Amino acid sequence: MFAKGVSRRWMVNTIGVVFLILTISITTLSIMVQSSLYNGIEQALAGRADELLNWLSTGGQYNSSSEFMGIVRGYIEVFPDKNQMEIMALDRNGQVFITSTGFVPDQDQEMPDYEEALQNPVGDGKWVGKLNTGEKAMAITRVIRDNNGGLLGSVRYLVSMEMADQQISLVILILIAAGIFIMLLLTLSGAYFIRSILVPVRQLSQSARQIAQGDFAVRIDKPKDDEIGDLCDAINDMAGELGAAEQMKNDFISSVSHELRTPLTAIKGWAETLQEGADPDTAEKGMKVIIREAERLSGLVEELLDFSRLQNGRMRLLVSKLDILSELDQAVYMFTDRARTEQKQLNYEETTVLPPVYGDVDRLRQVFVNIIDNALKYTSPGGTISVSSREDSGWVRVVISDTGCGIPAEHLPNVKKKFYKANQLVRGSGIGLAVADEIVRLHGGSLEIESQEGVGTTVTISLPTCSHLEADPQLAQLPEILKFIEERNSNAHD
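In the working numbering, the protein residues as written are 9 to 502.
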């Protein structure tokens, strides 16, 4: 688990940093504890030395060495802390003449504190080190002088540091144990935390590979309601969207294949019939079918090419200032005979005049044709298709409604998506509305669909008028329209 990747980085970074911090903290605390304990012992010894000086000051005059030795001897005999520290009295020659233990001191033992006290103007010295016996000790020496500054003798306080060092070692061990416990707790909690991340991440990685291989049915169990859970939801949503897109693509291929096969079959059949020889009436009927189906094939191929151009951003508009009403009239006229043949009522509420718009004549006519064609396809015999137009605050609104089967509410938000077909039983490629919506959007307009299942559908095409577009050129989404407006404005100023 901790061999590589996130685990290894976590080990190196987090554990390493915490280990360094703990090491520094334990070392610092150990030094502070030792310093505090040693200073406490030193202050205790210094306090005893001050106590002796007070004793000497109350014991009378001690201008001679013998007087000093007598007073100190009396102090040592009544010293209450003989079990905790040792007192040595030294004469002016540095020889120990009495100790609180009653034993003869080691004459070979060096006394650096005594030498320091002799050199120190204040008359005291300190030493921490090991005795000849190997025991660690601390010693403080005070030099006693007469009123004239003559050396009378010295008093040396000596205490063992073994107990103090044991206490310091115990504290250090406790600190180290606490550090180890913290490291262990951090490692275990970190391992659990990393595992709680790595396990779903590995699942995400595996699921992503399955999705990349085309398995869009894969789903990830959401471990917890956190960022990882949100990522799992996002991956699941992505898989669902990709699965739906894949299904739409397959349906599109199937639909287009069917759309291509039907006219090709008709063309091939009538061509074979004409090749074998037919009477003039049959030949004329066959030629009409061939021409009609060829036009249908051409329209389908052109629709696919338009969609490809839109997807790749390669569609170019031949922009001009046009009469949108004239294009709408022609589009409606194209379907008059078809509506009559299919026993459907095509009502057109003609408007006297509409303000001009900027756009591509062929593309806008293509939008009208596509919407009216859809209305006819989804309307049963006896139904009605209504077409009307009006101006509305700088916009031209073209409304095409029908009394067809309508669009179910769950399909309505997706009908303008590429490859999407709400009704698989009706012929069509599933990209007509997507192309129409994109063309209208590139003209700075919008295509809105309202529908109720079993009642009918209403499509509203909104396009900005020339004056509205000139006032706000950013409405247009294609540079051809903007360029046309700029050139027109420039010529008008000239």
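Beta carbons are placed, not taken as given, at the ideal position from N, Cα and C, and that holds for glycine. Computed from a prediction, not measured in an experiment: that's the story for all the values here.
Going by DSSP in three states, residue i sits in which element: helix, strand or coil?
i, result
"isoleucine 415", "coil"
"proline 129", "coil"
"arginine 150", "strand"
"isoleucine 161", "Looking at the sequence itself, residue 161 is glycine, so the reference to isoleucine does not match. If DSSP states are grouped into helix, strand and coil, glycine 161 belongs with the strands."
"phenylalanine 201", "helix"
"methionine 342", "helix"
"glutamine 255", "helix"
"aspartate 3", "Residue 3 lies beyond the stretch modelled for the chain, which goes from 9 to 502, so this question has no answer here."
"lysine 138", "strand"
"threonine 35", "helix"
"serine 475", "helix"
"arginine 405", "strand"
"alanine 97", "strand"
"isoleucine 49", "helix"
"glutamine 432", "Confidence at glutamine 432 is low in this model, with a pLDDT of 49, below 50, so the placement of that residue is unreliable and no value is reported for it."
"glutamate 357", "strand"
"phenylalanine 27", "helix"
"histidine 501", "Note on histidine 501: pLDDT 49, under 50, position unreliable in the model; no value is reported."
"serine 215", "helix"
"glycine 277", "helix"
"valine 179", "helix"
"glutamate 118", "coil"
"lysine 293", "helix"
"glycine 248", "helix"
"glutamine 283", "helix"
Spatial neighbours of residue i within its chain, please: CB distance less than 7 Å, with the 5 preceding and 5 following residues excluded, ordered by chain position.
i, result
"alanine 11", "Because alanine 11 carries a pLDDT of 43, less than 50, the predicted location of this residue cannot be relied on, and no value is offered for it."
"arginine 217", "none"
"leucine 282", "Ala291 and Gly294"
"glutamate 254", "Phe224"
"isoleucine 34", "Leu183, Ile184 and Gly187"
"glycine 464", "Ser409, Asp410, Thr411, Gly412 and Gly414"
"serine 396", "Glu357 and Val407"
"glutamine 175", "Leu45"
Measuring alpha carbon to alpha carbon, tell me which of the options ends up nearest residue i.
i, options, result
"methionine 93", "Ile23, Asn156, Glu170 and Val26", "Glu170"
"glutamine 351", "Asp114, Leu28, Asp337 and Gly390", "Gly390"
"valine 136", "Val130, Glu124 and Ser396", "Glu124"
"leucine 372", "Leu312, Gly133, Lys425 and His451", "His451"
"valine 423", "Lys296, Leu330, Glu456 and Arg324", "Glu456"
"glycine 367", "Val340, Leu60, Ser328 and Leu336", "Ser328"
"threonine 411", "Ala417, Val395 and Thr387", "Thr387"
"glycine 131", "Glu143, Phe111, Pro120 and Arg153", "Arg153"
"glutamate 303", "Asp238, Ala274 and Glu357", "Ala274"
"glutamate 235", "Arg227, Ser213, Ser204 and Gly251", "Ser204"
"alanine 363", "Met342, Phe343, Glu399 and Ile380", "The sequence as given places proline at residue 363; alanine does not occur at that position. Closest option to proline 363, Cα to Cα, is Glu399."
"valine 207", "Phe343, Phe189, Val226 and Lys232", "Lys232"
"isoleucine 23", "Val112, Thr195 and Lys385", "Thr195"
"alanine 147", "Glu249, Gly55, Leu420 and Gln460", "Gly55"
"leucine 272", "Gly82, Arg300 and Tyr83", "Arg300"
"glycine 222", "Ala252, Gln211 and Tyr83", "Ala252"
"leucine 471", "Asp480, Arg449, Ser459 and Glu461", "Arg449"
So, under 8 Å CB-CB, residue i and residue j are touching, yes? Tell me the CB distance rounded to an integer number of Å.
i, j, result
"valine 365", "threonine 473", "6 Å"
"phenylalanine 105", "aspartate 99", "5 Å"
"leucine 45", "alanine 172", "5 Å"
"arginine 227", "alanine 247", "7 Å"
"aspartate 241", "lysine 230", "6 Å"
"leucine 268", "leucine 313", "Not really, about 14 Å apart at Cβ, beyond 8 Å."
"serine 73", "glycine 157", "Rounded, the Cβ-Cβ distance is 14 Å, inconsistent with contact."
"leucine 28", "tyrosine 165", "Contact flag wrong, Cβ pair sits at about 42 Å."
"isoleucine 49", "valine 167", "6 Å"
For residue i, which residues of its own chain have a beta-carbon under 6 Å away from its beta-carbon, when the five flanking residues on both sides are left out?
i, result
"glutamine 432", "Interpretation of glutamine 432 is limited by its pLDDT of 49, a score under 50 that renders its predicted location unreliable; the figure taken from the coordinates is listed afterwards. There are no such residues."
"histidine 476", "Gly402"
"asparagine 378", "Gly440 and Ala444"
"valine 179", "Val41"
"isoleucine 298", "Ile275 and Trp278"
"glycine 133", "Asp121, Glu124, Ala125 and Thr149"
"threonine 392", "Gln353 and Thr411"
"alanine 347", "Leu354"
Which partner residues of residue i appear in the DSSP bridge assignment?
i, result
"valine 375", "Paired residues: none, contrary to the question."
"glutamine 174", "Beta-bridge pairing links glutamine 174 to no other residue."
"glutamine 351", "Paired residue(s): none; glutamine 351 is not in a bridge."
"glycine 464", "Gln460"
"aspartate 410", "Ile393 and Thr465"
"arginine 398", "Arg405"
"threonine 107", "Met96"
"serine 454", "Ser470"
"valine 327", "Asp368"
"serine 168", "Ala145"
Only counting the same chain, and skipping five residues up and downstream in sequence, which positions put a Cβ closer than 8 Å to that of residue i?
i, result
"glutamine 117", "Leu139 and Asn140"
"valine 361", "Leu333"
"valine 163", "Ala57, Leu60, Val80, Ile95, Met96, Ala97, Leu98, Thr149, Arg150 and Ile152"
"threonine 31", "Gly187"
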